[in-house]
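In UniProt numbering, the protein residues as written are 1 to 182.
For each residue, glycine too, the CB sits at the ideal point set by N, CA and C.
All values derive from a computational prediction rather than experimental measurement.
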Amino acid sequence: MTTLPDRPNTAVLVVDVQNGVVADAHDRDGVIANINILIDKARTAGVPVVWVQHSSDELEHGSESWRFVPELTRRDAEPLVHKKYGDSFEDTDLEAVLAEHQVGRLLVSGAQTDACIRSTLHGAIVRGYDATLVSDAHTTEDLTKFGAPAPEQVIAHTNLYWQWQSAPGRQGGTVETSEVSF
């Protein structure tokens, strides 16, 4: 249903599952386990897994906090996109990577729900992609001290509003890891 011509393929995005991003994340281990299941399903089906890695003052390139969590293993052949903004498309080569693989549909996982995940979902749909959020494969840290809702509420709300997201010729939606099929 994507509006991108000649893009029949799907890819899995693994966004910012880095030591410094998910150290204090809600249900960290459960979410990482689900991302591993999602990655295994994609690899078995020959679906591209695209890794996105954020750099900032807090996540200095090459530092331990910048590295992906040890529970997840990126294969050398799997694309790696480096970013400095919330939206994984913004000022990156993600669009070129997806075009190379003829991808028009994305399954999005990772962190943080209320920042890079939401930005990437919106970035995808406005650029013509179908963008499905894997509802139990994203997380965020507790930001209640800054006035945010509790992390489980942030996650639930994001799942709620994204399940009906759409635009002309494009579709959002949510799916649980166990229900993902390619």
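State yes or no: is the C-beta of residue 180 within less than 8 Å of the C-beta of residue 59? The residue labelled residue 180 in the question sits at position 180 within the sequence shown. The residue labelled residue 59 in the question sits at position 59 within the sequence shown. Not closer than 8 Å, so no.
Under the three-state DSSP convention, the category residue 141 falls into: The residue given as residue 141 occupies position 141 in the sequence shown. It is a strand residue.
Just list the residues that DSSP pairs residue 105 with in beta bridges. For the purposes of this step, residue 105 is taken as residue 105 along the sequence shown, with counting starting at 1. 10 and 130.
If you count every other CB in all the chains shown that lies within 10 Å of the CB of residue 123, and 16 or more means buried, which is it? Within the sequence shown, numbered from 1, the residue matching residue 123 stands at position 123. The residue in question, residue 123, is buried, as its Cβ has 16 or more Cβ neighbours within 10 Å.
Assign residue 160 to one of two classes, buried (16 or more other C-beta atoms within 10 Å of its C-beta) or exposed (fewer than that). Residue numbering aside, residue 160 sits at position 160 when the sequence shown is read from its first letter. Its Cβ having fewer than 16 others within 10 Å, residue 160 is exposed.
Identify whether residue 41 lies in helix, strand or coil by the three-state DSSP scheme. Counted from its first residue, the sequence shown places residue 41 at position 41. Three-state result, residue 41: helix.
Cβ-based burial, residue 61 [other Cβ within 10 Å; buried from 16]: On the sequence shown, position 61 is the one that residue 61 refers to. Classification for residue 61: exposed.
What does a CB cutoff of less than 7 Å around residue 80 pick up in its chain, not counting 5 residues either side in sequence? Locating residue 80 in the sequence shown gives position 80, where the first residue counts as 1. Closer than 7 Å at Cβ, skipping near neighbours: 51, 53 and 74.
Let me check understanding here. Comparing Cα to Cα, which of 172, 111 and 94 lies closest to residue 24? Stepping through the sequence shown from its first residue, residue 24 is reached at position 24. Per the Cα distances, 111.
Could you check which residue in 47, 149 and 116 has the C-alpha nearest to that of residue 78? Counted from its first residue, the sequence shown places residue 78 at position 78. If we check each option's Cα against that of residue 78, 47 comes out closest.
Pick out whichever of 155, 7, 42 and 20 has its Cα sitting closest to the Cα of residue 13. Translated into positions along the sequence shown, residue 13 becomes position 13. Looking at the Cα atoms, 42 is the closest of the given residues.
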